[in-house]
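Working notes for the structure below.
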Amino acid sequence: MRRLTKKNHLGSFNLQQEVRDFFSTFPFALIVKNSQLIRCYCYNPMTRSIDTKCKTCLGTGWIPTIEKHRCWHNIALRGESLPHLIKNIDPANVVVDERAFYFLPEASPRIGDYIVVADFGSDGLPSYHTQQFYRVNYADPKVDEKNILTYYKASTENDPIDAEIKSFNLYNMKSSIKIVPVY
Ligand SMILES: [Zn+2]
């Protein structure tokens with residue numbers, strides 16, 4: 010866990026609020042949380058295999074929860090202001106990895122979750138055929154100088170396996186997406 014320090018002496022609360030203000034302007038991404046509580050019926054314990062085309066678990070092998078969070082990443086966006094924020098609070102880590110996704114603490118991404126980049130329609134739900142799936146390899150909690158969790162950096166890799174089918178299955182699950190507001 011890397012500790013963040015800010016060059017000026019704003020208090021911890023101010024830093025938290027500044028980070029929230031940044032995130033409130035960012036677009037949304039989905040996190041398909043592989044909660045590891047309830048096995049999906051597609052899991053075969055004999056072969057330990059799952060169905061990557063599964064309509065229920067999107068190939069995670071577990072009954073997922075799907076959440077919609079504000080997120081910064083630089084796959085689809087250019088010139089957004091998170092690098093500036095990182096430069097202020099985490100100067101050793103200015104280089105922004107193009108497969109990294111940044112979330113507020115409540116998003117709590119975990120290894121094995123999917124982060125889904127999508128276009129969202131006027132109903133706030135993901136449009137069909139716009140999703141890209143990234144599997145979380147590592148989730149790094151960043152804390153401020155008072156040890157308060159400030160944001161997460163999730164390192165990912167693109168998972169192209171059956172992405173078209175996953176996209177269709179996710180589209181059909183869109184009514185179960187939980188939207189998490191930034192307060
Ligand atoms: Zn399944």
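Residue numbering for the sequence shown follows our numbering, beginning at 10 and increasing consecutively.
Backbone N, C-alpha and C define an ideal beta-carbon position, used for all residues, glycine too.
query: Within 8 Å, do at least three Cβ pairs link the stretch 70-80 to the stretch 147-154?; result: no
query: Using DSSP with H/G/I as helix, E/B as strand and the rest coil, what is E76?; result: strand
query: Less than 8 Å between the CB atoms is what I'm expecting for P114 and A148, so what's the real figure, rounded?; result: That belief does not hold up - the Cβ atoms of P114 and A148 are roughly 11 Å apart, past 8 Å.
query: Can you find a heavy atom of ligand 1 that lies under 8 Å from the Cβ of D60?; result: yes
query: Need the endpoints of the alpha helix (DSSP H) that N181 sits in, please.; result: A172 to N181
query: Quick one, what's near ligand 1 if you take every residue whose CB is closer than 5 Å to any heavy atom, in chain order?; result: C49, C51, C63, T65 and C66
query: Please determine, among S136, E173 and Q26, the residue with the shortest C-alpha to C-alpha distance to I186.; result: S136
query: Determine the closest residue to S184 out of R48, K77 and E27, with distance taken between C-alpha atoms.; result: K77
query: Nearest to S44 by alpha carbon, out of Y50, G121 and F112?; result: G121
query: Could you tell me which of G130, I124 and T74 sits nearest to N167, measuring between CA atoms?; result: I124
query: Using beta-carbon positions only, say whether C80 and F31 come within less than 9 Å of one another.; result: no
query: Taking all protein chains shown into account, decide if Q272 is buried (16 or more other Cβ within 10 angstroms of its Cβ) or exposed.; result: With the chain covering only 10 through 192, there is no way to say anything about residue 272.
query: Between the alpha carbons of L46 and I59, how many angstroms are there, rounded?; result: 16 Å
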